[in-house]
Structure formats: structure tokens, C-alpha cells
Amino acid sequence: KAVWALRYLLLRALLVSGVTVLQCDVDAIMLRNPIPTLVATTGDVVGQRGTFPFRINLSWGSTLCFGVIMYRPTVATLGWFDLALPRFYEIGDDQSEFQRALDACSLVVWNHGQTWPATVKLHRSLKPK
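Read the sequence shown against the working numbering and you will find it ends at 129, with the numbers running on by one and no gaps.
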């Protein structure tokens, strides 16, 4: 929990200083450079679609996955961090508490014109057993 707390304090400090931050999980594999697509996509925060936490996913139809996510240093992003960080420090789960903070915001806009396939078809050999 302490390492994650330091991570978000550093992230917030970078945002306050005007730096756009690209955060990636250590197990995220990039087959091509994601930066041009991320930079070309409008929004304060640009990231993957996810399904956790599940209750919020049922309400929204999707959640924000933090596996690959770009934060722009805007008032909205910092407001979101300021709302989420105290919840995170209390509970210790970044995914759920940042999502709950988003759920509490009234001005969240999804997709900005991006379209996403409703389902992903996997090759037979890649389907889970």
C-alpha cells in the first residue's frame, strides 16, 4: 500500500508541475508505439476500457483500466486525483477508489468519438479452456 501511495503522490506532483504522464503496468506488452494514438485522442485522461470494479461496470457498461493510461495535467485530472487519493489511502485499492471517484463526478464524458468493438473474437487456439 505504501509503494502505491508513493506512486500516486509522485504522479500528482508531476501533474501539478504540468507534465503529461503515461502510466503502464509492468506486464503491459506494446506491439507498437501507443503514444501517437494517445496524444491524438482528446480528453483529460485516456486509457483502456476495463470491467473492474464490477458494480460500476454494470452501471457504466465499462470502467477505466489503468494498465495503459495517460493523464493530462488539467484542472479536471487534478480534481479527480484530489477526490480519489483520500479514498485510496483509506481503502488501499487504486482501481476501485479511482473508479468510485469518477462515479462521483458529474462531468465524465466517455469515448470522445472513439468507437469500440462490442466483442472481441479470439482465434480458437487462444480461447480460454
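Note that the Cβ used here is the ideal one computed from N, Cα and C, for glycine as well.
| message | For T19 and R72, what's the separation of their Cα atoms in angstroms? | response | Note on identity: in this sequence residue 19 is Val, with Thr being the wrong assignment. In a straight line, the C-alpha of V19 is about 7 angstroms away from that of R72.
| said: Closest to G43 by C-alpha separation, out of W60, I69, A28 and G50, would be which residue? | reply: I69
| request: Using 10 angstroms around the beta-carbon of L64, count the other beta-carbons present and answer buried if the total reaches 16, otherwise exposed. | output: buried
| query | Can you pull the DSSP bridge partners for I69? | reply | Listed as beta-bridge partners of I69 by DSSP are Q23 and G47.
| request: State the DSSP-derived secondary structure class of T37, mapped to helix, strand or coil. | output: Residue state for T37 is assigned as helix, using DSSP reduced to three classes.
| task | Under 8 angstroms by Cβ, that's how I've got S62 and G50 pegged, so tell me the actual separation to the nearest angstrom. | result | With 8 angstroms as the limit, S62 and G50 qualify as a contact, their Cβ atoms being about 7 angstroms apart.
| task | Please confirm whether any heavy atom of the ligand COA lies closer than 7 angstroms to the CB of D27. | result | Only the bare structure without any ligand can be found here, which leaves the ligand COA out of the picture.
| message | Just verifying my parser: in three-state terms, what is the DSSP assignment at P117? | response | Summary for P117: the model assigns pLDDT 44, below 50, so the residue's position carries little reliability; its value from the coordinates is reported in the next sentence. If DSSP states are grouped into helix, strand and coil, P117 belongs with coil.
| field | Distance between beta carbons of F54 and Q95, contact taken as under 8 angstroms | value | Actually they do not touch by this definition, with Cβ atoms about 11 angstroms apart.
| query | From the DSSP output, which residues share a beta bridge with T63? | reply | G50
| Is the number of C-beta pairs between the segment 27-46 and the segment 8-15 that are closer than 8 angstroms three or more? | no
| field | Beta-carbon gap between Y8 and F88 smaller than 8 angstroms | value | Remark: C-beta atoms of Y8 and F88 approach each other more closely than 8 angstroms.
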